[in-house]
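Just below is one structure, and these are the notes that go with it.
Residue numbers (this note's numbering): 434 to 584.
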């Protein structure tokens with residue numbers, strides 16, 4: 434796997450509150466830029482291993498679609514999704530840690546599982562710059578969305 438982006442931020446909310454919002458991937462488009470639409474494709478509860486979503490996302494070359502699936506969900510600690518986009522095979526990991534005084538330290542990591550991506554440094558650089566920019570905006574937006582949600 435090759436890491437494409439990683440960012441950490443502190444939130445003034447308990448890990449349980451941040452986790453609950455983030456693992457409901459139908460909320461992803463509310464905070465991550467470029468997500469056009471995301472919908473569950475099954476009846477499993479949010480945050481359940483095996484739950485799948487259809488995501489429509491804006492790429493530099495235009496809109497695209499991928500199926501994503503929950504691979505790991507450890508309440509208030511870790512959430513992992515993997516997508517089936519053939520040229521990238523993306524993986525998103527969100528780690529949640531208690532930051533004291535009801536705070537949460539969130540680490541957002543994007544990786545590619547595709548073996549050919551690591552062999553192309555130009556592609557890795559382009560993806561890194563794009564995902565870091567989106568991730569910066571995403572975590573600022575996530576904080577604002579959580580501030581507007583009832584506690």
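Ideal placement from N, C-alpha and C gives every residue a C-beta, glycine not left out.
- Item | Local conformation of residue 497 per DSSP, three classes | strand
- According to DSSP, which residues form a beta bridge with residue 502? 485, 515
- Task: Can you give me the Cβ contacts of residue 489 inside the same chain, cut-off strictly under 8 Å, excluding the 5 residues immediately before and after it?
- Result: 468, 469, 470, 471, 496, 497, 498
- Three-state secondary structure (DSSP) of residue 577: Residue 577 falls in the helix class under three-state DSSP.
- Message: What does the Cβ neighbour count give for residue 476, buried or exposed, with the cut at 16 atoms within 10 Å?
- Response: exposed
- Message: Would residue 456 and residue 512 qualify as a contact pair, given that the criterion is a beta-carbon distance under 9 Å?
- Response: yes
- Item | Continuous beta strand (DSSP E) stretch holding residue 510: start and end | Residue 510 -> no beta strand (DSSP E), and no H or E assigned at all.
- Item | Nearest residue (CA-CA) to residue 460, options 487, 543, 564 | Checked all of 487, 543, 564; the closest Cα to residue 460 is 487.
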